[in-house]
Amino acid sequence: MNLEEYVLNKARKAKDTSRSFSSTSDTDKIKILNCISEELIANKNYIISENQKDVEAAKDTGMSNSLLDRLLLNDERVSKMAKGVQKVAQLQSSVGNISEMWKRPNGLMIGKMVVPLGVIAIIYESRPNVTVDAAALCIKSGNCVVLRGGSEAIHSNNALVKIIHQAIERAGFSKDIVQFIEVTDRKAVDELMKLYEYIDVLIPRGGPSLIKNTVENSMIPVIQTGAGNCHVYVDKQANLEKALKIVENAKTSRPSVCNAAEKLLIHKDIAKEFLPKIYSIFEKKVELRGCEKTLKIIPKMKPAQDDDWSTEYLDYIMAVKIVDSTEEAINHINKYSTKHSEAIITENYTTAQKFLNEIDSAAVYVNASTRFTDGEEFGFGAEMGISTQKLHVRGPIGINELTTTKYIILGNGQVR
């Protein structure tokens with residue numbers, strides 16, 4: 002079997018299975034997910050052992066610490082994955098619900114029913130937890146899934162899919178619900194992107210080059226999960242103690258993820274007071290790169306270059322800019338943002354409302370860290386990613402975002 006036939010076979014199996022699986026009861030979906038959660042815990046040592054093969058290989062290639070952090074699975078993270086699957090199992094599913102129903106003058110009853118998308122393909126890079134999250138979300142929402150992870154996580158993903166298949170079969174269902182493309186050849190992705198007859202939606206999760214390649218070349222509709230060049234703006238009427246805690250958390254709690262803050266904007270009126278304080282906190286753990294005005298206050302800070310304002314670092318690096326007004330901050334953010342998550346720290350209601358209304362991003366915060374842009378933190382359970390586009394979904398992609406609607410029409414012999 003050549004590569005084209007191999008990928009086509011995976012997609013065809015998912016499509017064939019989706020017809021029956023879409024009508025599976027929520028009780029049965031919960032049963033499958035609980036089995037997956039149990040198998041993850043039971044096979045924890047095996048998962049960690051296989052993951053170590055990927056981690057050691059990645060170290061040999063010189064992978065950065067931030068990407069190694071994304072790749073790593075340990076006892077705590079496997080347990081968290083298992084708990085995440087349980088949370089997804091208990092979420093309220095809207096599949097099968099009739100959201101609207103109305104009667105026409107001719108007696109026809111017309112309604113909108115929530116239905117699964119069908120078959121979802123996920124292309125992702127060095128985060129093996131996506132394997133479990135994606136499978137769980139698709140199962141709960143009645144979708145079949147085709148997974149294609151990065152070569153750097155091949156041992157981890159193979160182990161996780163093996164465990165997921167065991168769990169699905171233990172629950173009494175076909176493992177064809179979850180398909181996994183084991184081939185690491187990038188041509189497999191090219192073949193996958195052609196299969197619009199079998200796959201309904203394609204979701205890429207990874208770096209800018211992966212996203213760009215998918216958007217430009219896929220024949221399948223794409224839900225784009227973008228990079229996170231996230232901003233925090235400290236307004237002149239900010240509570241500075243609150244601002245320091247938020248900025249520190251947004252940057253350092255986990256810098257390798259897409260909701261970490263990469264840029265700090267400070268109003269000129271509080272810059273001389275606030276900047277030395279945040280510099281003192283960050284001096285030994287975060288490399289700050291400042292604009293010209295910033296360097297006048299902290300001369301030993303590294304100068305920011307033009308490309309810093311558009312860069313997602315995913316590391317202990319942050320660019321800092323002093324702005325003259327909220328208007329300038331908003332304009333700067335809308336120019337350089339990847340439309341992911343932005344925050345303002347202010348005690349002024351009018352300024353906060355202006356920021357909320359004028360920032361064009363998926364998640365906009367007032368007096369809170371950007372790190373909350375996450376399916377679990379939003380109450381969605383796990384997430385498929387953070388969509389930075391406006392159609393068909395924006396923000397965290399949970400189970401309800403993996404559905405669509407169809408019209409159902411009930412008649413009594415009406416003709417037109």
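What the sequence shown shows, in my numbering, is residues 2 to 417, in sequence order.
Backbone N, C-alpha and C fix where the C-beta goes; we use that ideal spot for every residue, glycine too.
(Q) If contact is defined by three or more beta carbon pairs under 8 Å, each pair taking one atom from either stretch, is the segment 158–166 in contact with the segment 24–31? (A) no
Exercise for the section: Measuring alpha carbon to alpha carbon, tell me which of Asn144, Arg290, Asn368 and Ser370 ends up nearest Lys176. Expected result: Asn144
**OP:** Assign Tyr314 to one of three DSSP states: helix, strand, or coil.
**Re:** coil
Would you mind reading off the limits of the beta strand (DSSP E) that contains Arg206?
Val202 to Arg206
Segment contact, 8 Å Cβ cut-off, at least three pairs: the segment 251–264 with the segment 278–287:
yes
Using a Cβ-Cβ cut-off of 7 Å (strictly less than) and excluding sequence neighbours within five positions of Leu118, which residues of its own chain qualify?
Asn144, Asp201, Val202, Leu403, Thr404 and Thr405
Taking Cβ positions, are Ile204 and Met385 nearer each other than 8 Å? yes
Legend entry - Separation of Leu411 from Asn368, as counted between CA atoms: 50 Å
Discussion item. Tell me the residue span of the alpha helix (DSSP H) that contains Ser281.
Written reply: Lys269 to Phe283
Taking only runs that begin and end inside the segment 36–112, name each unbroken beta strand (DSSP E) of 3 or more residues, in chain order. 99–104
Could you check where the beta strand (DSSP E) with Ala364 kicks off and where it finishes? Ala364 to Val367
Do the CB positions of Ile123 and Arg71 come within less than 8 Å of each other? no
Extent of the continuous beta strand (DSSP E) to which Gln180 belongs
Val179 to Phe181
Inset, instruction - Determine the DSSP secondary structure at Ala383, reduced to helix, strand or coil. - result: coil
**Asked** Between the C-alpha atoms of Ile298 and His393, what's the straight-line distance to the nearest angstrom?
**Response** 45 Å
Candidates Ser311, Leu74 and Glu5: which alpha carbon is nearest Ala228's? Ser311
inquiry  = Just to confirm the assignment, what range does the beta strand (DSSP E) spanning Glu328 have?
reply    = That residue, Glu328, is in no beta strand (DSSP E); its alpha helix (DSSP H) goes Thr327 to Tyr337.
key: CB contact flag (Ser370, Asn250, <8 Å)   = yes
- Query: Is any beta-carbon of chain D found at less than 8 Å from that of Ser94?
  - Reply: Here there is only one protein chain, and chain D is not present.
Cα-Cα separation, Gly85 to Gly382 = 6 Å
TODO: Taking 8 Å as the cut-off, decide whether the C-beta atoms of Leu315 and Ser100 are in contact.
DONE: no
- Tell me whether Thr405 sits in a helix, a strand or coil according to DSSP, three-state version. strand
_Nearest-angstrom Cβ-Cβ length linking Thr226 and Ile400, presumed shorter than 8 Å_ = Actually they are not in contact, since the Cβ atoms of Thr226 and Ile400 sit about 16 Å apart, beyond 8 Å.
Per DSSP, what kind of secondary structure is Tyr197 in: helix, strand or coil?
coil
Using the Cα positions of Asn349 and Thr327, report the straight-line distance between them to the nearest angstrom. 11 Å
According to DSSP, simplified to helix, strand and coil, what is Ser23? coil
Problem set entry | Identity of the residue in Met319, Ile346, Tyr317 and Ile360 nearest His333 by Cα | Ile360
Integer Cβ distance of Ala83 from Leu41, believed to fall under 8 Å = 4 Å
| request: Within the same chain, show all residues whose beta-carbon is closer than 8 Å to that of Arg78, passing over the 5 residues directly before and after it, in chain order. | output: Asn130
Beta carbon of Glu95 nearer than 8 Å to that of Asp27 = Here the sequence assigns Ser to residue 95, which means Glu is not the residue at that position. No. Outside cutoff.
For Thr347 and Ile121, I'd like the C-alpha separation in whole angstroms.
41 Å
- Query: Using the C-alpha atoms, what's the distance from Ser65 back to Lys423?
  - Reply: Shown here, the chain extends from 2 to 417; a query on residue 423 therefore has no answer.
_Just to confirm my understanding: we take Ser127, look at its own chain, exclude 5 residues before and 5 after, and list those with CB closer than 6 Å. What are they?_
Leu68, Arg71, Leu72, Gly151, Glu153 and Ala154
Considering only DSSP beta bridges, list what Leu296 is partnered with. Leu296 is not bridged to any residue.
Original post:
With distances taken between CB atoms, is the gap from Ile169 to Val147 smaller than 8 Å?
Top reply: no
**Request:** Could you say which of Asn413, Cys292, Leu266 and Asp309 lies nearest to Lys301 if we only look at CA atoms?
**Result:** Cys292
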